[in-house]
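Reviewing the structure listed below.
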Amino acid sequence: MKVSVFGLGYVGVVTVACLARDGHTAIGVDVVADKVERVARGESPIVEAGLADLLAAGVAAGRISATTDAVAAVAQSEISMISVGTPPDDDGVPDLSYVERVCSQIGAAIAAKRRSHVVVMRSTVPPGTTERCLELISAAAGDRGLVHVAFNPEFLREGSAIRDYDHPAYTITGTEDPVAEQAVRDLFAAVDAPLHVVPPSVAEMVKYVANSWHAAKITFANEIGRVAKAFGVDGRVVMDLIARDAKLNVSPVYMRPGFAYGGSCLPKDVRALQQHARVLGVEVPVIDAIPRSNERQVNEAIQLIERTRRRRVGVLGLSFKAGTDDLRESPILRVIGALVGKGYSVLLHDPNLDMDKVLGANRRFVEDEVPYLPERLRQDLNQVVRASEVVVVANGAREYRGVGALLEPGQVLVDLVHAVDPASLTHGEYHGLVW
1 MKVSVFGLGY VGVVTVACLA RDGHTAIGVD VVADKVERVA RGESPIVEAG
51 LADLLAAGVA AGRISATTDA VAAVAQSEIS MISVGTPPDD DGVPDLSYVE
101 RVCSQIGAAI AAKRRSHVVV MRSTVPPGTT ERCLELISAA AGDRGLVHVA
151 FNPEFLREGS AIRDYDHPAY TITGTEDPVA EQAVRDLFAA VDAPLHVVPP
201 SVAEMVKYVA NSWHAAKITF ANEIGRVAKA FGVDGRVVMD LIARDAKLNV
251 SPVYMRPGFA YGGSCLPKDV RALQQHARVL GVEVPVIDAI PRSNERQVNE
301 AIQLIERTRR RRVGVLGLSF KAGTDDLRES PILRVIGALV GKGYSVLLHD
351 PNLDMDKVLG ANRRFVEDEV PYLPERLRQD LNQVVRASEV VVVANGAREY
401 RGVGALLEPG QVLVDLVHAV DPASLTHGEY HGLVW
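Residue numbers (our numbering): 1 to 435.
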């Protein structure tokens, strides 16, 4: 394919080199003449292992060229990729002026050539930008039917960019345009990785989340290193063992947005680690933020229920997760306590909870923290649903997957754990906690 790549910074120049190596014809475009001249000569404008050789080979084969002329680049290509910078302003908001300027230039070039053109955004931008770019390009082109747009986030690390290009975990295409989707498939046909097609806003968000998650992992590991060292323990050995657990620690488990954590282990152990750090004189701002953020999720649930403006509430699932009767520090109990305190009528159900069988620490917790629970607990799920204006699903018990079909007109389902398929509701409203 013939591809024009706008922006010969780190991502752009690596993309030009790899596309040419894979048999495409790549035209690098930049406003900086020195970059353009160096790429046109097959020289790398950055330090990156293996890049100079790929550029030299691409130029020698006639598959790499470079120009400052945007109109000419679009005229000679079928696809344009945008990899220009989005630097932050003083408040951290990305400056999208470079992206918007390139979009207008590409649109004008499409108007001049009057042929269908695909535009693939690679710059890191906030959700909604690709849709805005489609509008800008279409306005400049004068014909929306000629413009096909997708967002394709890159995951290239400096120092290993070519290897990362060749061996990604996946390729993501953010588009609802079949022409743009096929173009991205063709561009990366040589890359052995699954391709996921999602809405543009999802693809845009993934890039921000990936980088923020990497930053969070680094910061967390450093905090553990500081605490471990204060204990006389090598934190590198600790984190190496943590990373070797692909069942829980490095896995999709716990990586799905939903309700707050609870139970007998996570709350107490996070608090214990915080207290040890304080005693040892070690600052751990990331770890300190964990309980605060968890409490914020509880408050989000309370506010979501309150916004329904209904007073009769049925709560389904009281234990901190499905498949257990453990109520200790279950976050839904804080929600229930807040509602009861504000005068809501609350009925409760849990398939695993029989107060006659709640013993030991679990029973002491009920007696001390939620003494009103037994009188509000019902064994009949249907009774709770029928008596409620708002039905709150708080854990993923199998019994609750079909609750949507039980709702009558006017009832509201508040799903805190994504236990119910919204499509299963024949009546009523569905509200997810963070979706």
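Heads up, the beta-carbon is just placed ideally off N, CA and C, and yes, glycines get one too. In this text the structure is predicted, and so the values were computed from the model without any measurement.
query, result
"Three-state secondary structure (DSSP) of S201", "helix"
"E300, enclosing beta strand (DSSP E) - first and last residue", "Run containing E300: none in the beta strand (DSSP E); it sits in the alpha helix (DSSP H), 285 to 306."
"Whole-number beta carbon distance between E181 and T171, since they are thought to touch under 8 Å", "Rounded, the Cβ-Cβ distance is 11 Å, inconsistent with contact."
"Which of helix, strand or coil DSSP assigns to S212", "helix"
"L440 - DSSP class collapsed to helix/strand/coil", "Because the chain is modelled from 1 through 435, residue 440 falls outside the range shown and cannot be assessed."
"Residues bridged to E429 (per DSSP)", "V412"
"Option in L433, K2, A289 with minimal Cα separation from V119", "K2"
"Residues near D350 by beta carbon distance below 7 Å, same chain, minus five either side", "G317, L318, S319"
"Own chain, CB closer than 7 Å to F259, minus 5 neighbours either side, in chain order", "Q297, A301, P331, A394, L416, V417, L433"
"Cutoff 8 Å; reference L136; Cβ partners in own chain excluding five residues on either side", "E100, C103, S104, G107"
"For I46, three-class secondary structure by DSSP", "coil"
"Contacting residues, own chain, Cβ-Cβ under 7 Å from G128 (five flanking each side not counted)", "S201"
"Which of helix, strand or coil DSSP assigns to T67", "strand"
"Alpha carbon of K229 to alpha carbon of E329, nearest angstrom", "31 Å"
"Where K2 sits in the DSSP three-state scheme", "strand"
"Extent of the continuous beta strand (DSSP E) to which S345 belongs", "345 to 349"
"6 Å Cβ shell around A193 - same chain, five flanking residues per side excluded", "P168, Y170, T171"
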